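Q: Please find one structure pasted underneath; my questions will follow.
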Amino acid sequence: MKIERVTFTFRGTLPVASFSEFAQHRAARLSVDLTSRSQSEAHAEMSVAGQADLVDAFEMAMSLGPQDCIVHDVIRVDDATEEGSKE
Amino acid sequence: MTQSGWVPVALSAMIEAGTSAGVVVDGAEIVVWRDISGKAHAWEDRCPHRGMKMSFGFVRGDHIACLYHGWEYDESGNCQYIPAHPDLEVPKSICISRYGVAETGGMIWAHVPLGSEAGAAPELAEAEGLRSLYVDASVAAVASALGSDVSGSMLTVSTADVALSIGVQPISDTQCALHVTVPMGTSVEEKNAVLDWCEALRRQVENSEAMA
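Listed in order, the protein sequences are those of chains V and C.
Mapping the first sequence onto the working numbering, position 85 (from 1) lands on 85, and the numbers just tick up by one.
For the working numbering, add 1000 to where a residue sits in the second sequence, where the first one is 1.
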């Protein structure tokens, strides 16, 4: 299986607690590894690793965000793709 | 008060193999479905993808598929297939929570609340499901009208010379379902009399609630 490593930067109105909780919940649901790089009320940078389709699904979910957030922009940087296993 | 333990959620005969139905217990939405081999399942009635009710979905063999995007779940509740991503190895984290389920006394039972340790299911005599009666009144109001106490989610009543065993499903503070069963071998005439009694009971209880 191909594992994709991607760094996302989300920009918008992003209350830290709810956006972070939403990201962690979605990452757990989609079984992708999530590392938060930096976060403020206006931006969040996150590294994600997992199956390509699931990383895409994470991006889609985060672009909607929780109810109290508005995501204006998503910047996606594909860091690497490698063979691996991920449950 | 939120119920805890085994609760009847449907008459066994009402959920045919290969079909599903949505039920509510104390506000919790549950999909009750029977796979093609006849085994009953009770799950949280929500697809983890977009929240669609699984009770609107389709049973495919021993899987149930969501109506919305076709995500297909096996009998363990794990998603096995996503049509939009046919090559994806679906992770076990994409799953639906299951209730403990049992069939006894002509009814399907679910153990609530979700995630609670399911002890032994009630042991009830074989019975024939007659009808599920939905009443706009609390369980307490129904029990009061019958002059009977609910014991282990069951009411026992004798009417028209028939001993009824009634499974009680609380839906909300103001609604409940009564799953009415009769002994095996009850005659058609007796069943018709019981059905009339059911209608009369509902009118009596709902009219009392309206007057209160």
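The C-beta atom is built at its ideal place from N, Cα and C for all residues, glycine as well.
In this text, all values refer to a predicted model and were calculated from it rather than measured experimentally.
1. Suppose only complete runs of 3+ residues qualify. What are the beta strand (DSSP E) ranges in the stretch 1018-1046 of chain C, listed by chain order?
2. Once DSSP output is grouped into helix, strand and coil, what is the label at His1069 of chain C?
3. Please classify Pro1083 of chain C as buried or exposed, where buried requires at least 16 other C-beta atoms within 10 Å of its C-beta.
4. Whose CA, out of C:Glu1029, C:Leu1164, C:Val1031 and C:Pro1008, lies closest to the CA of Trp1197 of chain C?
5. If we require 4 or more residues per run, which alpha helix (DSSP H) segments fall completely within the stretch 1124-1204 of chain C?
6. Please check if any C-beta of chain V sits within less than 8 Å of the C-beta of Glu1190 of chain C.
7. In or out: Asp1173 of chain C buried (at least 16 other Cβ within 10 Å) or exposed?
8. I'd like to know if Leu30 of chain V contacts chain C, where contact means its C-beta is closer than 8 Å to some C-beta of that chain.
9. So which of V:Phe22, V:Val48 and V:Ala42 has the shortest CA-CA distance to Ala80 of chain V?
10. Could you check which residue in V:Cys69, V:Gly12 and V:Ala52 has the C-alpha nearest to that of Glu4 of chain V?
11. Between the stretch 1073-1091 of chain C and chain V, which residues of the former have a C-beta closer than 7 Å to a C-beta of the latter?
12. Would you call the stretch 64-73 of chain V and the stretch 1098-1112 of chain C touching, i.e. three or more CB-CB distances under 8 Å?
13. Drop a sphere of 10 angstroms on the beta-carbon of Pro1170 of chain C, count the other beta-carbons inside from all chains shown, and report buried for 16 or more, exposed for fewer.
14. To the nearest angstrom, how far is it from the Cα of Ala57 of chain V to the Cα of Leu1088 of chain C?
A: In terms of the structure at hand:
1. DSSP runs (the beta strand (DSSP E)) wholly in the stretch 1018-1046 of chain C: 1019-1025, 1028-1034 and 1040-1044.
2. For the purposes of this step, residue 1069 of chain C is taken as the residue at position 69 of the second sequence. Of the three classes helix, strand and coil, the one that applies to His1069 of chain C here is coil, per DSSP.
3. As a working note, residue 1083 of chain C is residue 83 in the second sequence. By the neighbour-count rule (16 or more Cβ atoms within 10 Å), Pro1083 of chain C is not buried but exposed.
4. Here the question's residue 1197 of chain C lines up with position 197 in the second sequence. Of C:Glu1029, C:Leu1164, C:Val1031 and C:Pro1008, the residue nearest in Cα terms is C:Leu1164.
5. 1139-1146
6. Start at 1 with the first residue of the second sequence, and residue 1190 of chain C comes out as number 190. Taking Cβ atoms only, chain V never reaches closer than 8 Å to Glu1190 of chain C, which makes this a no.
7. By one-based count along the second sequence, residue 1173 of chain C stands at place 173. So Asp1173 of chain C counts as exposed.
8. Taking the first sequence and counting its residues from 1, one reaches residue 30 of chain V at position 30. Interface residue, yes.
9. The count along the first sequence starts at 1 and reaches residue 80 of chain V at position 80. Ranking the options by Cα distance to Ala80 of chain V, first place goes to V:Val48.
10. By 1-based counting over the first sequence, the position of residue 4 of chain V is 4. Cα-wise, what sits closest to Glu4 of chain V is V:Ala52.
11. His1085, Leu1088, Glu1089 and Pro1091
12. no
13. In the second sequence, counting from the first residue as 1, residue 1170 of chain C sits at position 170. With 16 or more Cβ atoms within 10 Å of its Cβ, Pro1170 of chain C is classed as buried.
14. By 1-based counting over the first sequence, the position of residue 57 of chain V is 57. By 1-based counting over the second sequence, the position of residue 1088 of chain C is 88. The straight-line gap from Cα to Cα measures roughly 12 Å.
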